[in-house]
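Notes for the one structure printed next.
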Amino acid sequence: MPRTRRRDTPPPRTGPSEKDVLRGFLDHLRAAVAAKAEDVPEPEVRTPGVPSGTSLLGLVRHLAHVERFTFLGEDVADWPGTFRPRPDETVASVVADYRAACERANTVIDACPDLSRPVARPGRTAPSMRWALVHLIEETGRHAGHADILRELIDGSTGR
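Each residue of the sequence shown is one higher than the one before, counting from 3 in the working numbering.
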């Protein structure tokens with residue numbers, strides 16, 4: 003398998019506010035996750051790379067659900083199912099759905115005047131926007147690492 007090394011991207015430059023920094027790092031991680039899946043062919047992109055059944059496309063699909071749950075208050079009935087792409091979903095459709103979820107989440111983040119305010123989540127206790135941002139950085143960063151490994155297993159590609 004040929005090894006391809008992508009040029010690593012440096013940490014993002016952000017604005018000076020706490021929200022600018024948190025959002026900047028979250029957007030940086032989101033872009034890295036989407037880029038890992040974008041040019042991977044079928045069936046490799048949906049083929050589990052580890053015994054748990056995790057695939058690169060499944061990670062991106064799962065993160066779209068996490069974004070919508072955390073920032074938009076959408077319910078998820080089957081978290082394990084969010085890791086399993088449907089047969090009709092393509093790399094392009096899953097990545098587009100993820101990017102759309104991130105854009106909608108960013109609208110909510112940008113509208114929040116105070117990070118100590120709760121994220122609007124009808125019918126359930128809501129964490130503060132600060133907590134939600136830090137959690138999404140952690141969740142996306144963890145899965146970005148998984149995506150790095152899965153991509154390297156698929157075609158030897160490394161780097162951000």
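Note that CB positions come from ideal geometry on N, CA and C, so glycine has one too.
Just so it is clear, the structure is predicted and the values come from calculations on it, not from any experiment.
Pair within 9 Å by beta-carbon distance, residue i and residue j
i, j, result
"LEU138", "SER130", "no"
"THR11", "PHE27", "no"
"ALA134", "ALA39", "no"
"ASN108", "ASP22", "no"
"VAL121", "VAL110", "yes"
"SER57", "ARG70", "no"
"ARG32", "ASP112", "no"
"GLU141", "VAL68", "yes"
Residue from the options whose Cα sits closest to the Cα of residue i
i, options, result
"GLY60", "PRO53, GLU69, ARG88", "ARG88"
"VAL97", "ALA34, CYS114, ARG162", "ALA34"
"THR92", "PRO45, LEU152, CYS114", "PRO45"
"GLY83", "LEU152, SER54, LEU74", "SER54"
"ALA94", "THR127, ARG86, PRO43", "PRO43"
Anticipated Cβ contact below 8 Å, residue i with residue j, distance rounded
i, j, result
"ALA103", "ALA146", "About 16 Å; that fails the 8 Å criterion."
"VAL62", "TYR100", "5 Å"
Unbroken alpha helix (DSSP H) runs of length 4 or more, entirely within the segment 53-102: which are they? 58-74
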